[in-house]
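So the sequence shown is numbered by my numbering: it starts at 13 and just counts up by one.
For every residue, glycine included, the Cβ atom is placed at its ideal position computed from N, Cα and C.
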Amino acid sequence: MQLLRSIVLCARDRRRADCNVFGNYQRLSLGLGLLTSLMLAAGCSGAGNDGGSGGGGPGGGGPGGGGPVAGSGGGSSSSVAGSGGGSAASSGAGGESPDRCALPQETGPCDAAIPSYWHDPGTGECVPFIYGGCEGNANRFESLAACLETCQGTTTDMDACAAPGDCVLAPPRCCASCDPVDASAFVALHRDAVADFWNASGCGDTQCERCPEVGEAESTSQYFAATCESGRCVVVDVRESPLTECTKDADCALRDGVGCCESCDGKGIVALNQSGDLGALVCPEEIVACPPCAPVYPEGMTAVCSEGRCTPRLSETP
Numbered sequence: 013m014q015l016l017r018s019i020v021l022c023a024r025d026r027r028r029a030d031c032n033v034f035g036n037y038q039r040l041s042l043g044l045g046l047l048t049s050l051m052l053a054a055g056c057s058g059a060g061n062d063g064g065s066g067g068g069g070p071g072g073g074g075p076g077g078g079g080p081v082a083g084s085g086g087g088s089s090s091s092v093a094g095s096g097g098g099s100a101a102s103s104g105a106g107g108e109s110p111d112r113c114a115l116p117q118e119t120g121p122c123d124a125a126i127p128s129y130w131h132d133p134g135t136g137e138c139v140p141f142i143y144g145g146c147e148g149n150a151n152r153f154e155s156l157a158a159c160l161e162t163c164q165g166t167t168t169d170m171d172a173c174a175a176p177g178d179c180v181l182a183p184p185r186c187c188a189s190c191d192p193v194d195a196s197a198f199v200a201l202h203r204d205a206v207a208d209f210w211n212a213s214g215c216g217d218t219q220c221e222r223c224p225e226v227g228e229a230e231s232t233s234q235y236f237a238a239t240c241e242s243g244r245c246v247v248v249d250v251r252e253s254p255l256t257e258c259t260k261d262a263d264c265a266l267r268d269g270v271g272c273c274e275s276c277d278g279k280g281i282v283a284l285n286q287s288g289d290l291g292a293l294v295c296p297e298e299i300v301a302c303p304p305c306a307p308v309y310p311e312g313m314t315a316v317c318s319e320g321r322c323t324p325r326l327s328e329t330p
């Protein structure tokens, strides 16, 4: 206030020796700025720091911190509280949404028929159901493996392995795909975990439709195999591996399936590079005694190199 009085006197009599209006104005500005900052700080400490707690479990929320959004974990002094996730103050919800694995089954109002899985919190099992295609809730999974991994944490144990021969293929749903086009049509499991995997599926006595007959040249399921990589069973599409790479027809040979032992029924014909080591991909470390039979290949089928890949081909009949 003394500074303000001096400036007023100087304005009346510019000849006063102690008058330096510009300097006094600067000091006044700094003084007022400091006073304003102190007042704002005092106001903030009393009004805006209520938003700091809350946010933890479902429905907890944080106390409304003076602004339109309720507080969560930060103690912010603005009208919006910290970044930890409170809900709107009007709802007082806060926290995370309920565990998706505990939600009820919802098929939705639409009429699509999409095979899916949901986790039944009453039994602790992943159960198949038909999803209508719209709405519903988050307790819905495209495959049994996804449901088990999310809600039971068991898939990672079921696919643990030490050697390629430990692993086998299984369908991710109750009914296998008739003509799979990619590796998502299978899951790879340790062979000792197959029974547990099936029991956890809840499929029970599910009746699957018979697949339509397709020619050997059009079939694709026989090109998928299970192997062990970095201690986990994985699905391999042999068509995309070095086992089918070629530069000429002479590189390729027919084989009945991609198992450790060649089949003898002629129902899983593939074409592989003759120098490829299929055994290293799918066979166990110990010696395997294969059945004494000769594979049967469809009449007129040969292995050819097409676009850098071995493939079986039926000759044109006149």
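**Burial state of Ala200 (16 or more Cβ within 10 Å)** = buried
**Prompt:** Which residues in the same chain have their Cβ closer than 6 Å to the Cβ of Gly269, if we skip the five residues on either side of it in sequence?
**Reply:** Gln234, Ser275, Gly280
**Prompt:** Quick check: the stretch 117-127 against the stretch 141-152, are there 3 or more CB pairs under 8 Å?
**Reply:** yes
**Per-residue burial, Ser155 [other beta carbons within 10 Å of its own, 16 or more giving buried]** = buried
**Message:** Alpha carbons only, please: which of Gly312, Thr314, Thr256 is nearest the one belonging to Ser287?
**Reply:** Thr256
**Anticipated Cβ contact below 8 Å, Glu252 with Ala175, distance rounded** = With 8 Å as the limit, Glu252 and Ala175 do not qualify as a contact, their Cβ atoms being about 22 Å apart.
**Prompt:** DSSP state of Cys113, grouped into three classes?
**Reply:** helix
**Request:** Starting from Phe141, trace the alpha helix (DSSP H) both ways and give me its first and last residue.
**Result:** Run containing Phe141: none in the alpha helix (DSSP H); it sits in the beta strand (DSSP E), 137-143.
**Message:** Between the alpha carbons of Pro184 and Ser128, how many angstroms are there, rounded?
**Reply:** 10 Å
**Message:** Can you tell me whether Ser213 is buried or exposed? The criterion is at least 16 other CB atoms within 10 Å of its CB, across all chains shown.
**Reply:** buried
**Message:** I need the DSSP call for Glu257, collapsed to helix, strand or coil.
**Reply:** strand
**Prompt:** For Cys10, which residues of its own chain have a beta-carbon under 6 Å away from its beta-carbon, when the five flanking residues on both sides are left out?
**Reply:** The question about residue 10 has no answer here: the residues shown for the chain are numbered 13 through 330.
**Item:** Nearest residue (CA-CA) to Pro307, options Leu115, Cys273, Ala197
**Value:** Out of Leu115, Cys273, Ala197, Cys273 has the C-alpha closest to the C-alpha of Pro307.
**Asked** Alpha carbon to alpha carbon, how far is Cys245 from Arg203?
**Response** Looking at the two C-alpha atoms, the distance is approximately 10 Å.
**Item:** Extent of the continuous alpha helix (DSSP H) run through Cys159
**Value:** 156-163
**Message:** Which runs of the beta strand (DSSP E) at least 3 residues long sit entirely within the stretch 232-303? Give them in chain order.
**Reply:** 236-241, 244-249, 264-268, 281-285
**Message:** Looking at the strands, I want to know which residues DSSP matches up with Ala182.
**Reply:** Val199
**Request:** Starting from Val7, follow its DSSP beta bridges and name the residues at the other end.
**Result:** The first residue shown for the chain is 13 and the last is 330, placing residue 7 beyond what the model contains.
**Message:** Using the three-state DSSP reduction, which class does Asp123 fall into: helix, strand or coil?
**Reply:** It is coil, neither helix nor strand.
**Asked** Do Cys223 and Cys322 have their C-beta atoms within less than 8 Å of each other?
**Response** no
**Ala212, enclosing alpha helix (DSSP H) - first and last residue** = 206-213
**Member of Ser196, Pro310, Val250 whose CA lies at the smallest distance from the CA of Gly291** = Val250
**Asked** Taking Gly243 as the reference, which of Arg267, Ala157, Val180, Asp171 has the closest Cα?
**Response** Asp171
**Message:** Considering only the alpha carbon of each residue, which of Phe236, Asp289, Pro324 lies closest to Tyr309?
**Reply:** Cα-wise, what sits closest to Tyr309 is Pro324.
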